[in-house]
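Q:
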Amino acid sequence: MKKENIVVCDEDEAYVEAFCAYLAGQLKDLEICSFTEKEAFLADEKSYDLGILSREFLEVSEFACKDNMAEKMYLCDEDIAPEYEHLPMIYKYQSMDIVVEMLLRRRRKKRLLQPAGNGKESGKMIGIFSPISHELQLPYALAVCQICREQGSVLFLDLEEFSVLPEFLGIQNTEESRTILDLLYLLEGENRSQADFKSHVRQYMGIDYILPFSDPEEMGKILPEQWQRLFAAALGAGYDTVVVLFGRVCQGFWELGGLCQEFLVLSKPGDYYQKSLHSFMAQARGLIGGRSLQLMQLPMSAAGLTEGTYRLEELIQGNLGLYVRRQVDQLQIGYSQRDSPGAPRNRKERMTAVRRGSAYGAG
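Per the UniProt record's numbering: the sequence shown ends with 363, consecutive numbering throughout.
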């Protein structure tokens, strides 16, 4: 197997040395080069399969028009540069296990895509719903988005009746804010275009999203056919994956769930939670379909988080993100079961794999 060439660039020499040493010890068939000085980086003419670059080196690379990297990843800290949010991101101080799994997943994807040679699958839709209203359902959904983002473009639709997404992102809903409700009304018109759709889209950590509803009463008035138009427009906008976090007031919920290629039901261990879960699953298997329905146990809670520490970035990139990544990899979401190495052979085996996940702290 041909060795993959990776270049890692950051001004923190100690960090780069430790980062490269860990990757070299965990990944085979890998050649790693690193730079901590911009002048040396600019003088380098070697070609790389992947560049993992901090903001400073991305800026230098753009300014010098360096095109010696087939792919780039953004090595970011807490201060995320908006101009590089479109790139796959590695959070600088996240668990190195996540970084290794991210690179392995990227490698598997390249290997699986090579034989096909042509054509691209149409965008897929992943639905997420928690019948117990899990307190971490929003960061869970965003963690799924981050994983899917490694395989292509992602749109996140937050259909919770009381979404806290704007608050966590520091966004105030004003009369000028373009929300999902505004887009739904726009889609009623005859002269709509993809440009109109894109004008409602914002971005967070490389994930496209549209501001959620601010009034659950308005949300409850939206008809099933209007939701279907929204989903069709989202897939028609060219996204590889559309992730929908469902709330409780969507008319035509079962029909909409049936449109999803994967429908993830989020719960947590405990007899109390299982009672509502069993009732939901009994209906869902008949109305959504057993083929796409996946039970996802998330044993974490927000109870252990102290005030002021509920930061979405840290949750997504921390233990919760690692836990979700392992679940998603076990179910091979985003890959065909036939082609994926080590994929569980049937539904029973897949559900057993998911339930074996260990409990991690949320932060």
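Idealized CB from N, CA, C, for every residue including glycine.
What are the boundary residues of the beta strand (DSSP E) that arginine 285 is part of?
A: Taken as a continuous stretch (DSSP letters only), arginine 285 belongs to no beta strand (DSSP E), as it is neither H nor E.
Q: Rounded to whole angstroms, what's the CA-CA distance from residue 369 to leucine 223? Just pull it up for me.
A: Because the chain is modelled from 1 through 363, residue 369 falls outside the range shown and cannot be assessed.
Q: To test your reading of the DSSP string, which unbroken beta strand (DSSP E) runs of 3 or more residues are found completely within the region 187 to 254?
A: The region 187 to 254 contains these whole beta strand (DSSP E) runs: 202 to 204, 207 to 209, 241 to 246.
Q: May I ask you to list the residues that DSSP assigns as paired with threonine 179?
A: Leu211, per the DSSP bridge assignment.
Q: Is the region 267 to 277 close to the region 129 to 140, with three or more CB pairs under 8 Å?
A: Yes, since at least three Cβ pairs between the region 267 to 277 and the region 129 to 140 fall closer than 8 Å, the two stretches touch.
Q: How would you write the range of the alpha helix (DSSP H) that valine 8 sits in, first residue to last?
A: That residue, valine 8, is in no alpha helix (DSSP H); its beta strand (DSSP E) goes 4 to 9.
Q: For the beta strand (DSSP E) holding lysine 72, just list the boundary residues, first then last.
A: That run of the beta strand (DSSP E) goes 69 to 76.
Q: Only counting the same chain, and skipping five residues up and downstream in sequence, which positions put a Cβ closer than 6 Å to that of aspartate 49?
A: Around aspartate 49: Glu4, Asn5, Ala70.
Q: To which residues of the same chain is glutamate 59 closer than 6 Å at the C-beta, ignoring the five residues directly before and after it?
A: So the list is empty, once near-sequence residues are dropped.
Q: On a CA-only basis, which of Glu135, Pro88, Tyr239 is nearest glutamine 297? Give me that one, please.
A: Nearest option by C-alpha distance: Glu135.
Q: Ignore the nearest five residues each way along the sequence and tell me which others in valine 16's own chain have a CB closer than 7 Å to its CB.
A: Result list for valine 16: Val8, Asp10, Ser34, Thr36, in chain order.
Q: Is methionine 96 helix, strand or coil by DSSP?
A: If DSSP states are grouped into helix, strand and coil, methionine 96 belongs with the helices.
Q: Alpha helix (DSSP H) containing valine 16: first to last residue?
A: It spans 13 to 26 - the alpha helix (DSSP H) in which valine 16 sits, taken as one unbroken run.
Q: For a test of the three-state rule: what should DSSP assign to isoleucine 126, helix, strand or coil?
A: In this structure, isoleucine 126 counts as strand in the three-state DSSP scheme.
Q: Just curious, the alpha helix (DSSP H) that valine 60 is in, first and last residue?
A: Taken as a continuous stretch (DSSP letters only), the alpha helix (DSSP H) holding valine 60 covers 55 to 63.
Q: Quick one: what does DSSP say phenylalanine 162 is sitting in, helix, strand or coil?
A: Phenylalanine 162: coil per DSSP, three-state reduction.
Q: Where does alanine 14 land, buried or exposed, given buried means 16+ other C-beta within 10 angstroms?
A: With fewer than 16 other Cβ atoms within 10 Å, it is exposed.
Q: Looking only at DSSP bridge pairs, what is glutamate 262 linked to?
A: The partner list for glutamate 262 (beta bridge, DSSP) reads Ile126.
Q: Cβ-heavy atom distance between valine 242 and the ligand GTP below 7 Å?
A: Here there are no bound small molecules, and the ligand GTP is not part of this structure.
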